[in-house]
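For reference, the structure is listed below as structure tokens.
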Amino acid sequence: AQKVTQAQTEISVVEKEDVTLDCVYETRDTTYYLFWYKQPPSGELVFLIRRNSFDEQNEISGRYSWNFQKSTSSFNFTITASQVVDSAVYFCALSEAGYSGGGADGLTFGKGTHLIIQP
Amino acid sequence: DAGVTQSPTHLIKTRGQHVTLRCSPISGHKSVSWYQQVLGQGPQFIFQYYEKEERGRGNFPDRFSARQFPNYSSELNVNALLLGDSALYLCASSLVQVRDQPQHFGDGTRLSIL
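Here it is, written out as structure tokens:
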């Protein structure tokens, strides 16, 4: 069965520091998709990025970057020059086999990392 | 365009009661999924519906049921409520039933069981 582990429960940094959120996944499928979502205090999950298992190219979007390494089953997320508005809970999620967003098992989420950016 | 909308925002029930939560997907989205998020945990998959048919079910008891209507909106029903059902219930929609489609989430319904 699939599993997502986010070992960092909470991270606190001072504004403008760089921070990396770790995500390790387990799956038996050769084809799968990885996602990162941001959950601000309002509760809505905001989609950040999707990566498929055949594309290990790293991605950068503004201050955000993602490092996907199949060899270590990791999909880490780095925020450069963090800002107070980045404070939120961040979830890594896995989708494998079948239907939209994960098929019969839906998206499998990690427990999340609570990121606190102090001014 | 409006995002995923859920109602009600908050709900308080007592043990043994039943509850109905509602979700309207983004216009044009045909797939709706439901998730339960207990405080301090990641969301857990409950159901997925596509074209009004159940396409996936998570590890939840039969007290949980759902349906999707012709306009693609959806309801989640929970019977015989237990204290452990207290959680944030999230609805997500996506365009079609393709595994790589990102799901777009609503703000959720916060359900408290007394």
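Each protein sequence line maps, in turn, to chains A and S. According to this note's numbering, the residues represented by the first sequence are 28 to 146, in order. According to this note's numbering, the residues represented by the second sequence are 1194 to 1307, in order. Yeah, the Cβ is synthetic: ideal placement off N, Cα and C, and Gly gets one too.
Can you pull the chain A neighbours of residue i, defined as C-beta to C-beta under 9 Å?
{"i": "P1218(S)", "result": "Ordered by position in chain A, no residue passes the 9 Å Cβ test against P1218(S), which lies about 12 Å from the chain."}
Whole angstroms is fine: what's the gap from residue i's alpha carbon to residue j's?
{"i": "L1281(S)", "j": "L1269(S)", "result": "13 Å"}
{"i": "G1235(S)", "j": "S1217(S)", "result": "22 Å"}
{"i": "F95(A)", "j": "I76(A)", "result": "12 Å"}
{"i": "G129(A)", "j": "D1293(S)", "result": "Note on G129(A): pLDDT 46, under 50, position unreliable in the model; the coordinate value appears next. In a straight line, the C-alpha of G129(A) is about 8 Å away from that of D1293(S)."}
{"i": "V1271(S)", "j": "R55(A)", "result": "33 Å"}
{"i": "P1295(S)", "j": "H1211(S)", "result": "31 Å"}
{"i": "L19(A)", "j": "K138(A)", "result": "Nothing about residue 19(A) can be read from this structure; chain A reaches only from 28 to 146."}
{"i": "E1246(S)", "j": "V51(A)", "result": "33 Å"}
{"i": "L142(A)", "j": "R1260(S)", "result": "36 Å"}
{"i": "I1219(S)", "j": "S1286(S)", "result": "7 Å"}
{"i": "G1299(S)", "j": "L72(A)", "result": "7 Å"}
{"i": "G58(A)", "j": "Q29(A)", "result": "Strictly speaking, residue 58(A) in this sequence is Thr, with Gly absent from that position. Taking the straight line from one Cα to the other gives about 12 Å."}
{"i": "Y126(A)", "j": "S1258(S)", "result": "Summary for Y126(A): the model assigns pLDDT 44, below 50, so the residue's position carries little reliability; its value from the coordinates is reported in the next sentence. Cα-Cα distance, rounded: 19 Å."}
{"i": "A1195(S)", "j": "K1223(S)", "result": "15 Å"}
{"i": "N1264(S)", "j": "E1244(S)", "result": "9 Å"}
{"i": "S39(A)", "j": "G70(A)", "result": "20 Å"}
{"i": "T1207(S)", "j": "R1256(S)", "result": "15 Å"}
{"i": "F136(A)", "j": "L1283(S)", "result": "13 Å"}
{"i": "S88(A)", "j": "R78(A)", "result": "13 Å"}
How about residue i: is its C-beta nearer than 9 Å to some C-beta of chain A?
{"i": "P1201(S)", "result": "no"}
{"i": "R1260(S)", "result": "no"}
{"i": "L1214(S)", "result": "no"}
{"i": "F1257(S)", "result": "no"}
{"i": "Y1265(S)", "result": "no"}
{"i": "H1297(S)", "result": "yes"}
{"i": "Q1241(S)", "result": "yes"}
{"i": "A1285(S)", "result": "yes"}
{"i": "D1293(S)", "result": "yes"}
{"i": "G1277(S)", "result": "no"}
{"i": "P1303(S)", "result": "According to the sequence displayed, residue 1303(S) carries Arg and not Pro. Interface residue, yes."}
{"i": "G1196(S)", "result": "yes"}
Anything in chain S within Cβ reach of residue i, meaning under 7 Å, just list it in chain order.
{"i": "K138(A)", "result": "Q1234, G1235"}
{"i": "R55(A)", "result": "Within 7 Å Cβ-Cβ: nothing; R55(A) doesn't reach chain S, min ~15 Å."}
{"i": "Y117(A)", "result": "Under the 7 Å cutoff, chain S gives no residues; its nearest Cβ is about 10 Å from Y117(A)."}
So, is the C-beta of residue i closer than 9 Å to a C-beta in chain S?
{"i": "D45(A)", "result": "no"}
{"i": "V73(A)", "result": "yes"}
{"i": "V51(A)", "result": "no"}
{"i": "Y126(A)", "result": "Any reading at Y126(A) must be qualified, since the residue scores a pLDDT of 44, below 50, and its modelled position is unreliable; the value itself is stated next. It does: the Cβ of Y126(A) has a partner Cβ on chain S nearer than 9 Å."}
{"i": "L148(A)", "result": "There is no way to answer for residue 148(A), as the model of chain A reaches only from 28 to 146."}
{"i": "S39(A)", "result": "no"}
{"i": "S114(A)", "result": "no"}
So which residues of chain S does residue i contact, with C-beta pairs closer than 8 Å?
{"i": "S69(A)", "result": "D1300"}
Does the beta-carbon distance from residue i to residue j come in below 9 Å?
{"i": "G1251(S)", "j": "Q1230(S)", "result": "no"}
{"i": "A120(A)", "j": "V41(A)", "result": "no"}
{"i": "S80(A)", "j": "E86(A)", "result": "no"}
{"i": "A108(A)", "j": "R90(A)", "result": "yes"}
{"i": "Y117(A)", "j": "Y60(A)", "result": "no"}
{"i": "I1239(S)", "j": "L1307(S)", "result": "no"}
{"i": "D45(A)", "j": "I144(A)", "result": "no"}
Residues of chain S with a CB under 9 Å from the CB of residue i: which are they?
{"i": "F81(A)", "result": "By Cβ distance, chain S contributes nothing, its closest Cβ being about 11 Å from F81(A), past 9 Å."}
Who are the neighbours of residue i on chain A, taking C-beta pairs under 7 Å?
{"i": "F1253(S)", "result": "The premise fails here: F1253(S) is roughly 11 Å from chain A at the closest Cβ pair, so nothing lies under 7 Å."}
Does the beta carbon of residue i come closer than 9 Å to any beta carbon on chain D?
{"i": "A34(A)", "result": "Judged by its chain identifiers, the structure shown contains no chain D, and its protein chains are A and S."}
Residues of chain A with CB under 8 Å from residue i, in chain order?
{"i": "L1281(S)", "result": "G70"}
**Prompt:** What residues in the segment 86 to 112 of chain A have a beta carbon less than 8 Å from any beta carbon of chain S?
**Reply:** none
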